[in-house]
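J.: Here's a structure for you.
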Amino acid sequence: MANVIEHMEFLCTASPIRKIIREKKWQYAYQQTLEDEVLDAATVEEDSWETKKKTAEKNFKNLSVADKFAHLATYYGEDGILNLQHAKLPKRFNKYLKKMKDEAGIGVKPLVTLEERDMLVEISNCKNTSELETLLSTWFALSASVELWSTKALLNKTHGEDWYRLHVYSNVWDKAFLDDEELETKRSECVSQVTKILKEAKKDVKLQRLDFILRDMNNDTDVLTVEEKTSVKGVKVDITKGNMLKKHALYLWSKQVDSSVLMEKLEAISCQWQNTKFTIYGSRLLPSDTMLIYKEGSYSFPISSRYSPEFSKLLLAILSLKRTVTNFGQ
303 MANVIEHMEF LCTASPIRKI IREKKWQYAY QQTLEDEVLD AATVEEDSWE TKKKTAEKNF
363 KNLSVADKFA HLATYYGEDG ILNLQHAKLP KRFNKYLKKM KDEAGIGVKP LVTLEERDML
423 VEISNCKNTS ELETLLSTWF ALSASVELWS TKALLNKTHG EDWYRLHVYS NVWDKAFLDD
483 EELETKRSEC VSQVTKILKE AKKDVKLQRL DFILRDMNND TDVLTVEEKT SVKGVKVDIT
543 KGNMLKKHAL YLWSKQVDSS VLMEKLEAIS CQWQNTKFTI YGSRLLPSDT MLIYKEGSYS
603 FPISSRYSPE FSKLLLAILS LKRTVTNFGQ
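Note that this note's numbering has the sequence shown beginning at 303, numbered continuously upward.
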């Protein structure tokens, strides 16, 4: 471009045209200077970012577990959010991750009574339907499940959400929370309390509806949310919505708690049913305005009584989750 302008200036002799050409030369030179300055600044900023990252990683093993996750969220996350399910971390961090998760308490911790534990072990040890039937009188969830297995209806993969909600979720999930006097369950297209509060402050916030909400009646706080879908596409949308709601919930809690140390311990939980698969997700706030997203665990409601150990694991997860959120409310 610069060579073309100079050639035209050499060929043209008329003063008005030469004046226009000189102005174009100056404009081009000025634009080129600005572009060079932007490139230089970007290079310097990138070098500074890399320098900071390398300096911080030299001391990585000595950081607290929260600061370790915050470092990964800052340099390897997306907009300060580290999603452990999708983040592509360098292999050098693999040796730290398991211990970091253990120290942070990521994962569903078994929280059952001795009686419940004994029952779960008995269920897990059952080899056939007749052995399961001997336990029917002691546990309603098992009774309803054995009845469902006897129909072989779960072998049909064309059922919709309403069918699973009526025959599966209501018996093993909803009824687990019915005996708690301080927690109430909201069912089917119920509005998130988090978005209600945010909408009062910011009118542009959209109210979000969920399939299941467990709400603390003492402070009107949503302590647990659940979505139910049969399609993979629907599940992906639900997970994105769940991450957004957990982020908003943590933000509101941080204003109430006003302690970064306590906030590092608080966990926002959402769950997802996809047909017979049940997954628990968690999120936490980290230092430096970063956030951690992770999967607590995946379980399944077995399609037949032959897989009683899977059923036992599912019940253990649900009972433990119930105790976790009950303790949170207290």
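Virtual Cβ for every residue (Gly too), placed ideally from N, Cα, C.
Can you find the residues in the same chain that come closer than 8 Å, C-beta to C-beta, to GLY462, ignoring five residues on each side of it along the sequence?
T.: Your numbering for residue 462 matches position 160 in the sequence shown. Here the set comprises THR532.
J.: At the level of alpha carbons, what is the spacing between LYS403 and PRO412?
T.: Working through the sequence shown from its first residue, we reach residue 403 at position 101. Working through the sequence shown from its first residue, we reach residue 412 at position 110. Cα-Cα distance, rounded: 16 Å.
J.: Identify the residues that DSSP records as bridge partners of ILE408: which are they?
T.: Numbered from its first residue, the sequence shown carries residue 408 at position 106. Looking at the DSSP assignment, ILE408 forms no beta bridge with any residue, so it has no partner.
J.: Work out the CA separation of LEU422 and ARG608 for me, nearest whole Å.
T.: Residue numbering aside, residue 608 sits at position 306 when the sequence shown is read from its first letter. Residue numbering aside, residue 422 sits at position 120 when the sequence shown is read from its first letter. Each residue's alpha carbon lies about 15 Å from the other.
J.: Residue ranges of each alpha helix (DSSP H) run of no fewer than 4 residues wholly in the stretch 444-491, ordered along the chain?
T.: 463-466, all fully within the stretch 444-491.
J.: Could you spell out where the beta strand (DSSP E) holding TYR596 opens and where it closes?
T.: Here residue 596 corresponds to residue number 294 of the sequence shown, with the count starting at 1. Element bounds for TYR596: 592-602.
J.: On the DSSP bridge list, what partners appear for LEU587?
T.: Start at 1 with the first residue of the sequence shown, and residue 587 comes out as number 285. MET593.
J.: Using a Cβ-based criterion (distance less than 6 Å to any ligand heavy atom), does LEU374 qualify as near the ligand NAP?
T.: Questions concerning the ligand NAP fall outside what the structure shown contains, since it holds no ligand whatsoever.
J.: Quick one: what does DSSP say LYS508 is sitting in, helix, strand or coil?
T.: Counting from 1 along the sequence shown, the entry for residue 508 is found at position 206. Coil.
J.: Taking LEU434 as the reference, which of LEU500, SER610 and LYS615 has the closest Cα?
T.: In the sequence shown, residue 434 corresponds to position 132, counting from 1. If we check each option's Cα against that of LEU434, SER610 comes out closest.
J.: Out of curiosity, what's the CA-to-CA distance linking LEU391 and PHE479?
T.: What you label residue 391 is simply residue 89 of the sequence shown in a count that begins at 1. What you label residue 479 is simply residue 177 of the sequence shown in a count that begins at 1. Cα to Cα, the separation comes out at about 38 Å.
J.: Assuming contact is defined by CB atoms lying nearer than 7 Å, are VAL627 and LEU547 in contact in what I supplied?
T.: Taking the first residue of the sequence shown as 1, we reach residue 627 at position 325. Taking the first residue of the sequence shown as 1, we reach residue 547 at position 245. The answer is no: Cβ separation not under 7 Å.
J.: How would you label GLN495, buried or exposed, when you count the other beta carbons within 10 angstroms and need 16 or more for buried?
T.: The residue you call residue 495 lines up with position 193 of the sequence shown. The residue is buried, with at least 16 neighbouring Cβ atoms inside 10 Å.
J.: Within 10 angstroms of its Cβ, does ASN473 collect 16 or more other Cβ (buried), or is it exposed?
T.: Mapped onto the sequence shown, residue 473 falls at position 171. Classification of ASN473: buried, given that the 10 Å Cβ count is 16 or more.
J.: With distance defined between alpha-carbon atoms, name the residue in VAL539, ASP560, GLN574 and GLN510 nearest to LYS597.
T.: What you label residue 597 is simply residue 295 of the sequence shown in a count that begins at 1. Among VAL539, ASP560, GLN574 and GLN510, the Cα nearest to that of LYS597 is on GLN574.
J.: Identify the continuous beta strand (DSSP E) that holds ILE425 and give its terminal residues.
T.: In the sequence shown, counting from the first residue as 1, residue 425 sits at position 123. No beta strand (DSSP E) holds ILE425; the alpha helix (DSSP H) holding it covers 416-427.
J.: Identify the residues that DSSP records as bridge partners of GLU380: which are they?
T.: For the purposes of this step, residue 380 is taken as the residue at position 78 of the sequence shown. The partner list for GLU380 (beta bridge, DSSP) reads ILE383.
J.: Skipping 5 residues on each side, what residues in its chain have a beta carbon closer than 6 Å to that of LYS370?
T.: Here the question's residue 370 lines up with position 68 in the sequence shown. These residues qualify, in order along the chain: MET402.
J.: For LYS579, write down the residues that DSSP places opposite it in a beta bridge.
T.: For this step, residue 579 is matched to residue 277 along the sequence shown. Partner(s): GLN576 and SER602.
J.: Measuring only the C-alpha atoms, how far is HIS469 from ILE541?
T.: Working through the sequence shown from its first residue, we reach residue 469 at position 167. Working through the sequence shown from its first residue, we reach residue 541 at position 239. Each residue's alpha carbon lies about 23 Å from the other.
J.: Could you say which of PHE395, TRP475 and LEU374 lies nearest to PHE514 if we only look at CA atoms?
T.: On the sequence shown, residue 514 is found 212 positions in, with the first residue counted as 1. Minimum Cα distance to PHE514 is reached at TRP475.
J.: Under 7 Å, Cβ to Cβ, is there at least one residue of chain E near GLU598?
T.: The question asks about chain E, but that chain is absent: this structure has only one protein chain.
J.: Taking DSSP as the reference, what is the three-state secondary structure of GLU569?
T.: The count along the sequence shown starts at 1 and reaches residue 569 at position 267. Note: GLU569 maps to coil in three-state DSSP.
J.: Nearest-angstrom Cα distance between LEU485 and LEU516?
T.: For the purposes of this step, residue 485 is taken as residue 183 along the sequence shown, with counting starting at 1. For the purposes of this step, residue 516 is taken as residue 214 along the sequence shown, with counting starting at 1. Cα to Cα, the separation comes out at about 7 Å.
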